[in-house]
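K.L.:
2 protein chains.
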Amino acid sequence: MPDKLHTKYVLDEREMPRAWYNIIPDLPHPLAPVLHPGTRQPVGPDDLAPLFPMGLILQEVSTERYIEIPEPVRQIYTQWRPSPLYRARQLEQALDTPARIYYKYEGVSPVGSHKPNTAVAQAYYNQQAGVKKISTETGAGQWGSSMAMAGAFFGIEVEVFMVKISYQQKPFRRSMMQAYGATVHASPTNLTQAGRSILAQDPDGLGSLGTAISEAVEVAASSGGTIKYALGSVLNHVLLHQTIVGEETLLQMAQADDYPDVVIGCAGGGSNMAGLAFPFIRERLNRGLNTRFLAAEPTACPSLTKGVYAYDFGDTVGMTPLMKMHTLGHDFVPPGIHAGGLRYHGMAPMVSHLHQLGLLEARSVMQTEVFESGISFSRSEGIIPAPESNHAIAVVRQLAEDCKQSGDEKTILFNLSGHGHFDMASYDNYLDGKLEDFAYPEEKIKEAMKTLPKV
Amino acid sequence: MPDKLHTKYVLDEREMPRAWYNIIPDLPHPLAPVLHPGTRQPVGPDDLAPLFPMGLILQEVSTERYIEIPEPVRQIYTQWRPSPLYRARQLEQALDTPARIYYKYEGVSPVGSHKPNTAVAQAYYNQQAGVKKISTETGAGQWGSSMAMAGAFFGIEVEVFMVKISYQQKPFRRSMMQAYGATVHASPTNLTQAGRSILAQDPDGLGSLGTAISEAVEVAASSGGTIKYALGSVLNHVLLHQTIVGEETLLQMAQADDYPDVVIGCAGGGSNMAGLAFPFIRERLNRGLNTRFLAAEPTACPSLTKGVYAYDFGDTVGMTPLMKMHTLGHDFVPPGIHAGGLRYHGMAPMVSHLHQLGLLEARSVMQTEVFESGISFSRSEGIIPAPESNHAIAVVRQLAEDCKQSGDEKTILFNLSGHGHFDMASYDNYLDGKLEDFAYPEEKIKEAMKTLPKV
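Shown next, in the form of structure tokens:
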């Protein structure tokens, strides 16, 4: 055992940042506009009004650098925030690396992940707008349970379309949403036109996030304004809400009297990566630093490393606005290996844009390496990470090994987005030798590109 | 929504108490001696040496009021400690009560419960004694996973006998132990004489904590000294390690400028109740306060409310020393309603003694009330509690209702011993209306009393 087992950096509630950070005004080049799915013209706030309350739409397009966190949201945040930053000394020892490894731990929230950072904010702005019901989708279930909890806090009914394979493989995330009072459907359903059309093509289909989004969007869009829609990643306002993670971490790294050379996060829709990275990207731009940013994604869903940067729909049916992003094609259906997160066909436009600008790199990792990383982390640090977070840990280990080889004493920071207490079936499969590595075939991506909408 | 949603009281790492509190020297009457199962004479440290390292045996019989927490244990504690104390303002609002409700939250540990407080300490003292392997048992799995994690930290192999019904109903607690590197068996097994004899009587038996203890004790006792045994509750040294919970809470209640009128905890073996209560019992005795202490237990396993106070074995087969405690008889097999915790036939001798002295009251609650309490807590406070903790919440709600009726502004404090992320199947059963209330029949208890050992 090392002399010092680990170190935790905590902030007092009063030190919790009072504003979210909006990276838009600091981008070296502007974001490509979001286009209307019908007219293919840039959308304005009014086009989004059927889906979102105006408070969130204004954040989506805001050019203000800082947006104050409303007091009720701050108060709920303090249930689990500021979250701890750890120096992973036992992991460093296990990896025999000269690197200093830090992790920000978001699994301390009641649902065990970073998702409530935006769910609570979204529920608040909906409540302010008098909204009584929200429809949403969920993949692995972290987002759905966060939105269900936030709905319970603000007295808003929540209806969740949960990707069918997750609904089957992760029944306890479903139970969690129901415990908070939400209604949960296995998507595709017969409840929506989108669901029925997808079932008509493939009655036994296990669903995808794209499909579930189509269903949830349809429910809101066809409600005549009584139901709004909520999304757990991808959009600018969602990434904005997650920046509290990076803002806290900046203060905590200062406590540690250290600063990261590399910032790592797993990336599915991109909000976890963005939440930690954006404040550090601001510092890099403002202070002329050389900090590296690395997004870790599965080889089974390699939107940043293998996808194209192009306009695409956010959903399968083509109901959402068109966003310029890294995409595997909106028809993408992930292989049903295990019902993990990080299985979205696209990537947040802001994260895609930063990747395109060369400010953010990406790596993809195979799932056996992902789970091996999770097991070694658990035995060193105690926390059993969510499979999503294990992607980040796999990349951390690669860099720690590089440091070992070169003798470099680099400072590595990553976002441990959540715990794996709902994912033990996947750990079981790994420990039983049942997980197979899989890389999404290049031919399939080429084929999917043919379906990209013309703009 | 109330104006103030909740308040969290946190301690800095440097404020974490440096000693555990041993209540033995403060007891108004001494504890009844522990007896040797063969001779029925009081046991001495040497009698316990085959099972435990001397560091823990000395704590078991210590009359020192404070025992310093060793530095490596302190360092590991700081991974999740000091744990937060919350004022449950949203719950108060939901219950419409004038009572002020506080809860200490132990679910922030990597395994999600209070059990690592003692697992880490036990692993440390075993490592100091050069022990390479520990055998133990687990019921609901919180203890087994804590011991597995602590073993991983200190390089000690861990073998766990898990009650068969839990092994079947809670496979993910089993996976968690395996993720930490432990070996897990469904008890009763064919690996031990105890297991074989129990299987011979009932080949389809689903096991009990008493049986699993017999197996784990046998493995250690017959190892010729190479394997030690560890227990997750009941014993004096285990309760001692949990007092860090109450010591922290005393400091946090002072921060809140408040003091509890009632202290509530759920009780199975008694360590969770003791951990929070003992430091407050010390204050009551020293300062002449009137603080009430209330243990909450299931009607399905009512050792304090229905059991007798008598000498009994800690296990089914009769291998352990005899302890004077509240017991339902060592043959007790809990009804297989759901594989929750709080299913032990006995109760910690110290908790039993305090109950006998009138310092600690007990109430039993039916399981539908237990889960109803958990659901209402989740929707108010966000955290989905472990079913064990829901017993405490049920009693809190009863007292909060009393306050509502009488207008009394009582201060109620309880121990939220863990989260329920591994217990969603039980929540499912509750939400689906499948949980049935059950009170352990009085005739069965009377019958069990006939098997109590003569002393």
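Sequence order for the protein chains is A and B.
The first sequence maps to residues 1 to 455 in my numbering.
The second sequence maps to residues 1001 to 1455 in my numbering.
Glycine is no exception: its CB is placed at the ideal position from the N, C-alpha and C atoms.
1. Helix, strand or coil: how does DSSP classify Arg343 of chain A here?
2. Determine the DSSP secondary structure at Pro453 of chain A, reduced to helix, strand or coil.
3. What first and last residue would you give for the alpha helix (DSSP H) that runs through Leu1091 of chain B?
4. Measuring alpha carbon to alpha carbon, tell me which residue in B:Ile1198, B:Arg1014, B:Ala1152, B:Gln1079 is nearest Ile1134 of chain B.
5. Given that a residue counts as buried once 16 or more other Cβ atoms are within 10 Å of its Cβ, and exposed if not, what is Thr1291 of chain B?
6. Along the chain, where does the beta strand (DSSP E) that runs through Gly265 of chain A open and close?
7. Taking beta-carbon pairs under 9 Å, can you tell me which members of the region 1337–1371 of chain B lie near chain A?
8. What would DSSP say about Gly374 of chain A, mapped onto helix, strand or coil?
9. What is the DSSP secondary structure of Arg1174 of chain B, counted as helix, strand or coil?
10. Identify each residue in the region 108–132 of chain A for which the Cβ-Cβ distance to at least one residue of chain B is less than 7 Å, and report them in chain order.
11. So what's Val1158 of chain B in DSSP terms, helix, strand or just coil?
12. Applying the 10 Å Cβ sphere with the 16-neighbour rule, what's the burial state of Ala1448 of chain B?
13. Count the other C-beta atoms from every protein chain shown that fall within 10 angstroms of the C-beta of Val245 of chain A, then say buried if there are 16 or more, exposed otherwise.
14. Suppose contacts are defined by Cβ-Cβ distances below 8 Å. Is Phe313 of chain A in contact with His326 of chain A by that definition?
15. List, in order along the chain, the chain B residues whose C-beta lies closer than 7 Å to that of Phe422 of chain A?
16. Would you mind stating whether Met1147 of chain B and Ala1186 of chain B have Cβ atoms separated by less than 8 Å?
17. Look at the Cβ atom of Leu342 of chain A, then the Cβ atom of Pro298 of chain A, and state whether they are nearer than 8 Å.
18. Determine the chain A residues that contact Lys1008 of chain B at a beta-carbon separation under 8 Å, and present them in chain order.
19. Measuring alpha carbon to alpha carbon, tell me which residue in B:Phe1371, B:His1421, B:His1391 is nearest Tyr1430 of chain B.
20. Counting only the same chain and skipping the five closest in sequence on each side, list residues whose C-beta sits under 6 Å from that of Gly181 of chain A.
21. Is the region 1119–1132 of chain B close to the region 1427–1444 of chain B, with three or more CB pairs under 8 Å?
22. From the beta carbon of Ser175 of chain A, is the nearest beta carbon of chain B less than 8 Å away?
23. What residues from chain B crowd round Arg379 of chain A, counting only those whose CB sits closer than 9 Å?
24. For chain A, check one thing: does any of its Cβ atoms lie closer than 8 Å to the Cβ of Asp1096 of chain B?
25. What does Phe1414 of chain B touch in chain A if you count any residue whose Cβ is under 7 Å from its own?
26. Check whether the region 1375–1394 of chain B touches the region 1402–1418 of chain B, taking contact to mean three or more Cβ pairs, one atom from each stretch, closer than 8 Å.
27. For Glu68 of chain A, which beta-bridge partners are listed by DSSP?
28. Within the same chain, show all residues whose beta-carbon is closer than 6 Å to that of Met1366 of chain B, passing over the 5 residues directly before and after it, in chain order.
29. Against chain A, does Asp1257 of chain B count as a neighbour if the rule is that its beta carbon must be under 8 Å from one of theirs?
30. Using a cut-off of 9 Å between C-beta atoms, extract the partners of Tyr1427 of chain B located in chain A.
31. Ile375 of chain A touches chain B at which residues, Cβ-Cβ below 7 Å?
32. Alpha carbons only, please: which of B:Pro1321, B:Gln1169, B:Asp1258, B:Tyr1021 is nearest the one belonging to Val1034 of chain B?
33. Name the chain A residues whose beta carbon is nearer than 7 Å to that of Ile1383 of chain B?
34. Using the DSSP secondary-structure output, state which residues sit across from Gly1418 of chain B in a beta bridge.
35. Tell me whether Lys446 of chain A is buried or exposed, calling it buried when 16 or more other Cβ atoms sit within 10 Å of its Cβ.
36. Please report the residue range of the alpha helix (DSSP H) in which His353 of chain A lies.
P.N.:
Taking the definition as stated:
1. coil
2. coil
3. 1089–1095
4. B:Ala1152
5. buried
6. 262–266
7. none
8. helix
9. helix
10. Val108, Pro110, Gly112
11. strand
12. buried
13. buried
14. no
15. His1421
16. no
17. yes
18. Glu13, Thr78, Gln79
19. B:Phe1371
20. Ala152
21. no
22. yes
23. Met1149, Ala1152, Phe1153, Ala1179, Tyr1180, Gly1181
24. no
25. The contacting residues do not exist; Phe1414 of chain B stays about 17 Å from chain A at best.
26. yes
27. A:Ala19
28. Thr1299, Asp1437
29. no
30. Phe172, Ser175, Met176, Gln178, Ala179
31. Ala1179
32. B:Pro1321
33. Pro110
34. B:Ser1113
35. exposed
36. 349–356
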